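Below: the structure, in structure tokens.
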Amino acid sequence: MIKFFWFLIISFHSPLKNNLGLSLYKFRVPSEFFVVFVLSWILFTFSSFTKSNDGLLTAVSVRRCSYTSGGINRVMEDIEKLTPYKVGSLPTLFYVPDFITDTDQTSLLNNIYGAPASKWKTLKNRRLQNWGGVVHEKGLLPQALPPWLTNLTYKIYEESGLFPSAINHVLINEYLPNQGIMPHQDGPAYFPVVAILSLGSPVVMDFTPHARLKLDSKDDIDKDSEEGTFAIGKDKWLDDHHPFSILLMPRSLLIFKDKAYSDYLHGIKDCAVHCYNGAVNETEALKHKESNGHLFSSEDAVETAGKEECKNISRTSNRISLTCRFVPKVHKNLFRF
15 MIKFFWFLII SFHSPLKNNL GLSLYKFRVP SEFFVVFVLS WILFTFSSFT KSNDGLLTAV
75 SVRRCSYTSG GINRVMEDIE KLTPYKVGSL PTLFYVPDFI TDTDQTSLLN NIYGAPASKW
135 KTLKNRRLQN WGGVVHEKGL LPQALPPWLT NLTYKIYEES GLFPSAINHV LINEYLPNQG
195 IMPHQDGPAY FPVVAILSLG SPVVMDFTPH ARLKLDSKDD IDKDSEEGTF AIGKDKWLDD
255 HHPFSILLMP RSLLIFKDKA YSDYLHGIKD CAVHCYNGAV NETEALKHKE SNGHLFSSED
315 AVETAGKEEC KNISRTSNRI SLTCRFVPKV HKNLFRF
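Going by our numbering, the sequence shown opens with residue 15, and the numbers climb by one from there.
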């Protein structure tokens, strides 16, 4: 394509006649310069884009530099403002209580349940809505987010400062009080930061070190074909990795990256009562106890090393989670994967 444009430009300056016997010098000088200018502009425009081997259209080099350099600088600068929300021993696990208001929660739930029935996909242990397009191992086949999600994702993007670009994919999960999800890890198509907004019933999310970090590899490993994920049993772990849990209250935002994203699996037990003993954000949970006292209860734990009081949370209604992520590679061509 580029050689073709150069051929046209040179042809306009050639004293020879073309095959039709028409001299290109019949054009007046102003017209020649205009045509050369237009062709040069087209050439510059085309050269601003490159196409990778897998058929993905990559942005212009200037924009690419902004992503690899400016985006990282932005993350390094903005991560400091999340320091007050850091929980647990991992440096990049953040829990933000009351990220949205009660009014915002009601509005989101109305939009979620007001979506067409065709948006719901029913799985064995939950049902979900997929917004933003289809995620493929090579990238995202995009679809524009609706305004009610765009407003939310922009707020998360701006206030967290951890995403290099605007969030372009949201997975909405609905869990009944006795439903959960097996320990899993998000796929490689996503940028390694995830933000989870919780609505409705509270829940305890468990984090377990990845199977490769186990000292004993005899435990069974199960595969979940839907998520491409792994579930593992209890064991001892390498280095400073250890299981932990976090209590996700309604309207809270959980954000994690780095080790919490790459070295750990996260999941939810499929039971109606969750024990939050030792949750890394237990202090935050107690702050909500006054306004959500009906959700908390206390009873004897199952016998382990003795009898101890178990702090429980009751899942009395459905839980809705909005998992917000950024897919770096956006696929522009439907027919070339």
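We put the CB at the ideal spot given by N, CA and C, even for glycine. The model shown is predicted, which means the values in this text are computed figures rather than measured ones.
Find the nearest neighbour of Leu300 within the set Glu94, Leu262, Gly146 and Asp220, judged by alpha-carbon distance. Leu262
Beta strand (DSSP E) segments (min. 3 residues) lying fully within the region 168 to 196: 183 to 189
Report the option in Pro160, Gln157 and Ile195 whose CA atom is closest to the CA atom of Arg333. Ile195
Runs of alpha helix (DSSP H) wholly within the region 99 to 147 (minimum 4 residues, chain order): 116 to 127
Close Cβ partners of Lys325 (< 7 angstroms) along its chain, the five nearest in sequence each way excluded: Setting aside the 5 residues that flank it on each side, Lys325 is surrounded in the same chain by Cys289, Tyr290, Asn291 and Ser312, each with a C-beta closer than 7 angstroms to its C-beta; the list follows chain order.
Which same chain residues, not among the five before or five after Pro156, have their C-beta less than 6 angstroms away from its C-beta? Excluding sequence positions up to five before and after Pro156, its CB lies within less than 6 angstroms of the CB of Gly147 and Val344, all in the same chain and listed in chain order.
Leaving aside the five residues before and after Ser174 along the sequence, list all residues of the same chain whose C-beta is less than 6 angstroms from its C-beta, in chain order. Ile269
Do Ser335 and Val294 come within 9 angstroms of each other at the CB atom, strictly closer than that value? no
Take Asn144 as the anchor and find which of Val110, Asn187, Pro161 and Leu122 has the nearest alpha-carbon. Asn187
With distance defined between alpha-carbon atoms, name the residue in Leu163, Pro202, Arg141 and Leu137 nearest to Asn125. Leu163
Closest Cα partner of Pro264 within the set Gly128, Ser331 and His183: Pro264 has its Cα closest to that of Ser331, out of Gly128, Ser331 and His183.
Apply the 10 Å Cβ neighbour rule to Leu137 and answer buried if 16 or more other Cβ atoms are within range, or exposed otherwise. exposed
Same chain, Cβ closer than 7 angstroms to Glu298, five either side skipped, listed in chain order: Cβ within range, chain order: Tyr109 and Pro111.
Going by beta-carbon coordinates alone, are His280 and Pro216 separated by less than 9 angstroms? no
In chain order, what residues of the same chain lie with their CB nearer than 7 angstroms to the CB of Gln193, ignoring the 5 residues before and after it? Asn139, Arg140 and Asp284
Taking Trp134 as the reference, which of Tyr171, Leu185, Pro98 and Val101 has the closest Cα? When each option's Cα is compared against that of Trp134, the closest is Leu185.
On the criterion of 16 or more Cβ atoms from any shown chain inside 10 Å, does Ala131 qualify as buried, or is it exposed? exposed
Environment of Val43 [buried if 16+ CB atoms lie within 10 Å]: With a pLDDT of 46 at Val43, under the threshold of 50, the modelled position of this residue cannot be trusted; read the value that follows with caution. Burial call: exposed.
How far does the alpha helix (DSSP H) with Lys273 in it reach, from first residue to last? Lys273 to Ser276
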